[in-house]
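First comes the structure, then the notes that go with it.
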Amino acid sequence: MNKLSPFLFGLVVGAALMFVGLKYHIVLAADGLHVVPKTKARLVEAYVDIRQFGAADWQQHASLALALTEAGKASLVANSVNNDIRRATESLLPSIEIK
Numbered sequence: 043m044n045k046l047s048p049f050l051f052g053l054v055v056g057a058a059l060m061f062v063g064l065k066y067h068i069v070l071a072a073d074g075l076h077v078v079p080k081t082k083a084r085l086v087e088a089y090v091d092i093r094q095f096g097a098a099d100w101q102q103h104a105s106l107a108l109a110l111t112e113a114g115k116a117s118l119v120a121n122s123v124n125n126d127i128r129r130a131t132e133s134l135l136p137s138i139e140i141k
C-alpha cells in the first residue's frame with residue numbers, strides 16, 4: 043500500500059485536472075484570474091492569457107469569446123479590443139506633428 047498511495051493520489055489529481063480542463067476556461071485578464079464554463083467539452087483553450095489580446099486574437103478564439111459572453115463577462119472581450127485600438131492609436135500619435 044505504501045507505493046500505491048502516491049500513484050492513487052496522482053491518479054485522482056490528474057483526473058481532477060482533466061475534468062477542469064474539459065469543462066472550464068481559465069482566463070488571465072488584466073484584472074485577475076477568471077474561471078468560465080466552456081460551451082463544448084474540449085481540452086483546447088483550457089488556460090488563456092488575454093492581457094495582450096486584440097481583435098485578430100478574438101477571431102482565432104471565437105469559442106472563448108462566446109463562453110465569456112455567455113458567462114456575463116463580455117467586458118473582458120471589449121476591454122482587450124479597446125486596449126488594442128488604444129495601442130494602435132498611441133503608435134500613430136508620435137508620428138503626427140502639430141503646428
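Note that the sequence shown covers residues 43 to 141 in this note's numbering.
In this text, a Cβ means the ideal position worked out from N, Cα and C, and glycines have one as well.
* To do: Give the secondary structure of residue 92 by DSSP, where H, G and I count as helix, E and B as strand, and everything else as coil.
  => When DSSP states are grouped into helix, strand and coil, residue 92 belongs to the coil group.
* To do: Kindly provide the ranges of any beta strand (DSSP E) runs that are 3 or more residues long and lie completely inside the region 46 to 134, ordered along the chain.
  => Here the runs fully enclosed are 66 to 71, 74 to 79 and 89 to 91.
* Alpha carbon of residue 72 to alpha carbon of residue 45, nearest angstrom -> Taking the straight line joining both Cα atoms gives about 43 Å.
* For residue 81 versus residue 109, is the C-beta distance shorter than 8 Å? -> Yes; because the gap between Cβ atoms is below 8 Å, this pair is in contact.
* Quick one: Cα of residue 85 to Cα of residue 131, how far? -> Inter-residue distance for residue 85 and residue 131 is about 36 Å (C-alpha atoms, whole angstroms).
* Asked: Taking just the CA atoms, how far does residue 128 sit from residue 101?
  -> Distance between the alpha carbons of residue 101 and residue 128: 19 Å.
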